[in-house]
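Engineer: After the structure tokens below, expect a handful of questions from me.
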Amino acid sequence: MVFAPEKSSETVTVSKPYPNFKVIVLDDDFNTFEHVHTCLMTYIPGMSDDRAWELTNQVHFEGQAIVWVGPQEQAELYHQQLRRAGLTMAPLEAA
1 MVFAPEKSSE TVTVSKPYPN FKVIVLDDDF NTFEHVHTCL MTYIPGMSDD RAWELTNQVH
61 FEGQAIVWVG PQEQAELYHQ QLRRAGLTMA PLEAA
């Protein structure tokens, strides 16, 4: 007599982590270095003075800089705050 193997009633659930999102500031012809730096210091948590200047220079010389990466809800908040402060923002994108 041949028996079929028993089917397991256990379901294995593989959960995927939520994707992170990138907040990207773009270069423009109207925001000053000082304004970009001040906005980064004001709205991005944990931003150091030196890092804000590095990112400001990257925006100017390379055309853009990723200024923050993390969960979508926080990314949306920082993106909106920077945009309202007058910075030119790229659309949010998954990291």
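The UniProt record's numbering applies: residue 1 is where the sequence shown begins, and numbers increase by one. No residue lacks a Cβ here, since even glycine has one placed at the ideal position from N, Cα and C.
Write down every uninterrupted run of the beta strand (DSSP E) in the segment 13 to 81 whose length is 3 residues or greater and which is fully enclosed by it, in chain order.
Structural biologist: Counting only runs of 3 or more, we get 20 to 26, 64 to 71.
Engineer: Just the C-alpha distance for residue 67 and residue 54, rounded to the nearest angstrom, thanks.
Structural biologist: Residue 67 and residue 54: Cα-Cα distance of roughly 10 Å.
Engineer: On the premise that residue 27 lies in contact with residue 60, defined as a C-beta separation below 8 Å, what is that separation, rounded to the nearest angstrom?
Structural biologist: So it is a contact: roughly 6 Å between Cβ atoms.
Engineer: Report all residues from its chain with a CB closer than 6 Å to the CB of residue 72; omit the five preceding and five following residues, and keep chain order.
Structural biologist: Result list for residue 72: 21, in chain order.
Engineer: To the nearest angstrom, how far is it from the Cα of residue 89 to the Cα of residue 83?
Structural biologist: Near 6 Å, if we compare the C-alpha coordinates of residue 83 and residue 89.
Engineer: Beta carbon of residue 31, beta carbon of residue 92: below 8 Å?
Structural biologist: For residue 31 and residue 92, no; Cβs fall outside 8 Å.
Engineer: Would you kindly work out how many angstroms separate the C-alpha atoms of residue 57 and residue 75, rounded to a whole number?
Structural biologist: Cα to Cα, the separation comes out at about 21 Å.
Engineer: Using beta-carbon positions only, say whether residue 94 and residue 43 come within less than 8 Å of one another.
Structural biologist: For residue 94 and residue 43, no; Cβs fall outside 8 Å.
Engineer: Can you give the Cα-Cα distance for residue 33 and residue 79, rounded to whole angstroms?
Structural biologist: Taking the straight line from one Cα to the other gives about 18 Å.
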